[in-house]
């Protein structure tokens, strides 16, 4: 019932198993046109894996992954190493997975501020430059769905704000759906419609809280950052212990934790993700 | 003109070099040198089977090389051995089985050295026809799968996620490699085919600023190697296949020498920490 007719991608009860261990299980996720969904979670929580299931790179061992037919995807993977043996300029890289109109390339390079790097070799770029080149390549395709795997990693705080602003702007202009993966557990992009917190399964999901109206956060982030960032308040009914086991709200401890084990009343697959929790502070009710 | 054995060898060699250059680039980019070796070693088994079953040699070599490539794909998915061990296992067992089968066929007298190192005298007009028709086919198919194949070379997941058919491109690429081995065996021999594939591509790297450019340059460097090597072999009476490889090596050394900077080579490789 999570699957909507016009959803760009949807996962229902999707999981990946490797040698008898469930790396991620019971994931429900829907990205609709024009929607920004942020996936958060600690390292190894299965965020990238979930994105790869949504993209069709990995086939779920359980559950279903659906993509709308004829979907144009722009993908910015977590990291790419370009070998020295590969001669590849930024300009050629822009056409990597399909021909893109030169005007689109120009516009994308302009928007991401890499117009001066057009003839540079990709492997000589710095981390931040490369990240922007990757983003430019993805948006030049004018995708229906933009998937960004930790786009701000290795970028300093100011760079992070700038990059989030850019993503928000691109999203506004293209009207595409965005699936964003972030390693930051508490601070997400303000334009996010929905946050999904993963740790081997969906721990909780909801909308972020606007920080621009809060004095304390304004002081913490600065006024410019506060309009770009939002805080996500977690409401877990269980705790992941250091040894990998899980303590539930009722005090019981289990080895695993997944929907349908009786501990996740509000996260069972049949429930739609909650859309708004805190009307008094939320951006929208 | 084609009456002269030397001219025939030259024409055939140039044809092989033009096909080997672009394909060799992918072998360099994808680090498949040992894989190419395995397929070409298997070619000798193809030769043996061709004699045993009275088949066309080129066809038999293509079939056996393609079969070994598929066997490798299947073994990699299943077996617990590492890739390079599997490659070594397949390469040398195919070579050994080929030699054993040939030894059993006492009624067949063939010049083994010709197959191992190439035989300039054996190139016939039919061979030239096979090289040019087969080569045009290989290049045509390569052009058709160029985008998915190159995108998957840069990053497989990226190509996959953005809707390119990566598995099909990889599979076709293996068949193309088998095809190139089948048509170039007579020129350089099974032991030196990989050199013909990777040395011109490696020499082209410093002068290329894009993948397509590198493919063209590799073909060009291959052609120069064939011409230089064959004239050298005529002049000094050296074996043709090894002479071509030596000529290619000389061009490679020139490409990494300071001399190359004069004609606009890129900066040489500096050690970059590999993140993957």
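Chains as they are written, first to last, in the numbering used here: chain A, 1 to 285; chain B, 1 to 276. Using N, Cα and C, we set each Cβ at its ideal position, and we do this for glycine too.
Cβ shell of residue i (< 7 Å), same chain only, five flanking positions each side left out
{"i": "residue 270 of chain B", "result": "Reliability of the predicted coordinates at residue 270 of chain B is poor, the pLDDT of 45 falling under 50, and the value obtained from them is presented with this limitation in mind. Taken in chain order, the list of residues that qualify is empty."}
{"i": "residue 78 of chain A", "result": "48, 149, 150"}
{"i": "residue 184 of chain B", "result": "16, 20, 193, 196"}
{"i": "residue 178 of chain B", "result": "39, 62, 65, 66, 69"}
{"i": "residue 173 of chain A", "result": "none"}
{"i": "residue 46 of chain A", "result": "23, 24, 198, 200"}
{"i": "residue 57 of chain B", "result": "47, 50"}
{"i": "residue 37 of chain B", "result": "91, 194"}
{"i": "residue 73 of chain A", "result": "55, 143, 145, 147"}
{"i": "residue 142 of chain B", "result": "22, 23, 176"}
Enclosing alpha helix (DSSP H) for residue i [first to last residue]
{"i": "residue 223 of chain B", "result": "211 to 236"}
{"i": "residue 185 of chain B", "result": "166 to 188"}
{"i": "residue 25 of chain B", "result": "5 to 29"}
{"i": "residue 105 of chain A", "result": "102 to 111"}
{"i": "residue 65 of chain B", "result": "57 to 78"}
{"i": "residue 197 of chain B", "result": "193 to 204"}
{"i": "residue 37 of chain B", "result": "33 to 53"}
{"i": "residue 256 of chain B", "result": "240 to 256"}
{"i": "residue 48 of chain A", "result": "47 to 55"}
{"i": "residue 92 of chain A", "result": "90 to 93"}
{"i": "residue 132 of chain A", "result": "127 to 140"}
{"i": "residue 174 of chain A", "result": "157 to 174"}
Chain-order list of residues whose beta-carbon lies under 6 Å from that of residue i (same chain, five-residue window excluded)
{"i": "residue 129 of chain B", "result": "none"}
{"i": "residue 201 of chain B", "result": "24, 25, 28, 218"}
{"i": "residue 34 of chain B", "result": "87"}
{"i": "residue 274 of chain B", "result": "Caution applies to residue 274 of chain B, whose pLDDT of 42 falls short of 50 and renders its modelled position unreliable; the model cannot decide the point."}
{"i": "residue 245 of chain B", "result": "192, 195"}
{"i": "residue 160 of chain A", "result": "152"}
{"i": "residue 165 of chain A", "result": "228"}
{"i": "residue 270 of chain A", "result": "Low confidence applies here, because residue 270 of chain A scores a pLDDT of 38, under 50, leaving its location unreliable; read the following figure in that light. Same-chain partners within the cutoff: there are none."}
{"i": "residue 17 of chain A", "result": "61"}
{"i": "residue 168 of chain A", "result": "191"}
{"i": "residue 95 of chain B", "result": "41, 44"}
Where the beta strand (DSSP E) through residue i begins and ends
{"i": "residue 16 of chain A", "result": "9 to 18"}
{"i": "residue 107 of chain B", "result": "First-last for residue 107 of chain B: undefined, no H or E at that position."}
{"i": "residue 75 of chain A", "result": "73 to 76"}
{"i": "residue 231 of chain A", "result": "229 to 231"}
{"i": "residue 181 of chain A", "result": "177 to 182"}
{"i": "residue 146 of chain B", "result": "Looking at the DSSP string, residue 146 of chain B is not in any beta strand (DSSP E); the run it does join, the alpha helix (DSSP H), is 146 to 154."}
{"i": "residue 196 of chain A", "result": "194 to 198"}
{"i": "residue 65 of chain A", "result": "62 to 67"}
{"i": "residue 206 of chain A", "result": "202 to 206"}
{"i": "residue 26 of chain A", "result": "21 to 31"}
Reference residue i, options the options, closest by Cα
{"i": "residue 10 of chain B", "options": "B/255, B/259, B/222, B/254", "result": "B/222"}
{"i": "residue 92 of chain B", "options": "B/40, B/142, B/22", "result": "B/40"}
{"i": "residue 85 of chain A", "options": "B/257, B/234, B/211, B/53", "result": "B/211"}
{"i": "residue 52 of chain B", "options": "B/103, B/224, B/137, B/182", "result": "B/103"}
{"i": "residue 52 of chain A", "options": "B/160, B/186, B/244", "result": "B/160"}
{"i": "residue 87 of chain A", "options": "B/258, B/174, B/209", "result": "B/209"}
{"i": "residue 61 of chain A", "options": "A/176, A/15, A/162", "result": "A/15"}
{"i": "residue 83 of chain A", "options": "A/70, A/108, A/124, A/94", "result": "A/124"}
{"i": "residue 242 of chain B", "options": "B/7, B/203, B/32, B/113", "result": "B/113"}
{"i": "residue 31 of chain B", "options": "B/229, B/251, B/259, B/153", "result": "B/153"}
{"i": "residue 207 of chain B", "options": "B/84, B/260, B/156, B/166", "result": "B/260"}
{"i": "residue 142 of chain A", "options": "A/157, A/101, A/110", "result": "A/101"}
{"i": "residue 71 of chain A", "options": "B/233, B/205, B/234, B/163", "result": "B/163"}
{"i": "residue 214 of chain B", "options": "B/18, B/258, B/22, B/45", "result": "B/22"}
{"i": "residue 189 of chain A", "options": "A/163, A/94, A/11, A/254", "result": "A/163"}
{"i": "residue 228 of chain B", "options": "B/14, B/5, B/4", "result": "B/14"}
{"i": "residue 140 of chain A", "options": "A/121, A/158, A/110", "result": "A/110"}
8 Å Cβ shell around residue i - same chain, five flanking residues per side excluded
{"i": "residue 114 of chain A", "result": "90, 129, 132, 133, 136"}
{"i": "residue 12 of chain B", "result": "123, 127, 128, 131, 186, 187"}
Any non-hydrogen atom of the ligand FAD within 6 Å of residue i CB
{"i": "residue 203 of chain A", "result": "As presented, the structure is devoid of all ligands, the ligand FAD included, so that no description of it is given."}
Residue i at chain D interface by Cβ criterion, 7 Å
{"i": "residue 251 of chain B", "result": "The chain labelled as chain D is not found among the protein chains of the depicted structure, namely A and B."}
- Where the stretch 209 to 235 of chain B meets chain A: residues whose CB sits under 9 Å from a CB there: Flagged, chain order: 209, 210, 211, 212, 213, 214.
- Task: Identify each residue in the stretch 73 to 98 of chain A for which the Cβ-Cβ distance to at least one residue of chain B is less than 9 Å, and report them in chain order.
- Result: Cβ contacts with chain B come from 73, 74, 75, 76, 77, 79, 80, 81, 82, 83, 84, 85, 86, 87, 88, 89, 91, 92, 93, 95, 96, 97, 98.
- Looking at chain B, which residues of the stretch 47 to 64 of chain A have a Cβ within less than 8 Å of any of its Cβ atoms? 52, 55, 56, 57
- Three or more C-beta pairs below 8 Å linking the stretch 137 to 150 of chain B and the stretch 69 to 85 of chain B: no
- Does the pairing of the stretch 183 to 193 of chain A with the stretch 31 to 41 of chain A give three or more beta-carbon distances under 8 Å? yes
- May I ask you to list, following chain order, the residues of the stretch 22 to 51 of chain B that have a beta carbon less than 7 Å from some beta carbon of chain A? Listed in sequence order: 28, 29.
- Could you please tell me which residues of the stretch 164 to 181 of chain B, in chain order, have their CB closer than 9 Å to any CB of chain A? 164
- Report yes or no: do three or more beta-carbon pairs, one from the stretch 2 to 22 of chain A and one from the stretch 58 to 67 of chain A, lie closer than 8 Å? yes
- Interfacial residues, the stretch 139 to 153 of chain B to chain A, with Cβ spacing under 9 Å: 147, 148, 150, 151, 153
- Is the stretch 169 to 189 of chain A in contact with the stretch 229 to 237 of chain A, if contact means three or more CB pairs nearer than 8 Å? yes
- Relative to chain A, which residues along the stretch 188 to 208 of chain B have a C-beta separation below 7 Å, given in chain order? 205, 208
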